[in-house]
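Asker:
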Amino acid sequence: MSNQIFLSESEKRCLALILRRQKAERSPYIPIPFLKLVPDYKRVLKELNRKALVSYYKKGEAVGLSEDGLYLALALIREGY
């Protein structure tokens, strides 16, 4: 059995965007309005949260990457997302 996580293009883009913004802001959490560049970002965040790749902070006003989400986002950035 494999532990692969299948992600849509929007989910991949969102993970990469979160990591880039975390590095730019030097903060483990970023405000959700920064993610409005991703189409249907609310649904995408719910899916990523369900897959345990992101976590909400401050009653859903901000979002951060989990450890698995961080490593996956790093790999996606290396791929060019």
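Per numbering that gives the first Met the number 0, the very first residue in the sequence shown carries number 0; after that it's consecutive. Every residue, glycine too, gets a C-beta built ideally from N, C-alpha and C. The model shown is predicted, which means the values in this text are computed figures rather than measured ones.
Buried or exposed: which applies to R12, given that a residue is buried once 16 or more other Cβ atoms fall within 10 Å of its Cβ?
Answerer: Reading the sequence shown from its first residue, position 13 is the one you call residue 12. Buried.
Asker: Measure the C-alpha to C-alpha separation of S54 and P30 and round it to an integer number of angstroms.
Answerer: Translated into the one-based positions of the sequence shown, residue 54 becomes position 55. Translated into the one-based positions of the sequence shown, residue 30 becomes position 31. Taking the straight line from one Cα to the other gives about 12 Å.
Asker: Grab me the residues of A61's own chain with a C-beta within less than 8 Å of its C-beta, minus the 5 sequence neighbours each way, in chain order.
Answerer: Here residue 61 refers to the residue found at position 62 when the sequence shown is read from its first residue. Here the set comprises Y28, I29, P30, I31, Y55.
Asker: Which same chain residues, not among the five before or five after M0, have their C-beta less than 8 Å away from its C-beta?
Answerer: The sequence position of residue 0 within the sequence shown is 1, counting from 1. Any answer about M0 is weak, because its pLDDT of 40 lies below 50 and its placement is not dependable; what the coordinates show is given next. Counting only Cβ-Cβ distances below 8 Å, and skipping sequence neighbours, we find nothing.
Asker: Within the same chain, show all residues whose beta-carbon is closer than 7 Å to that of E10, passing over the 5 residues directly before and after it, in chain order.
Answerer: As a position in the sequence shown, residue 10 is number 11, starting the count at 1. Only V43, E46, L47 meet the Cβ criterion.
Asker: Any idea what DSSP makes of V43, helix, strand or coil?
Answerer: In the sequence shown, residue 43 corresponds to position 44, counting from 1. Three-state DSSP puts V43 in a helix.
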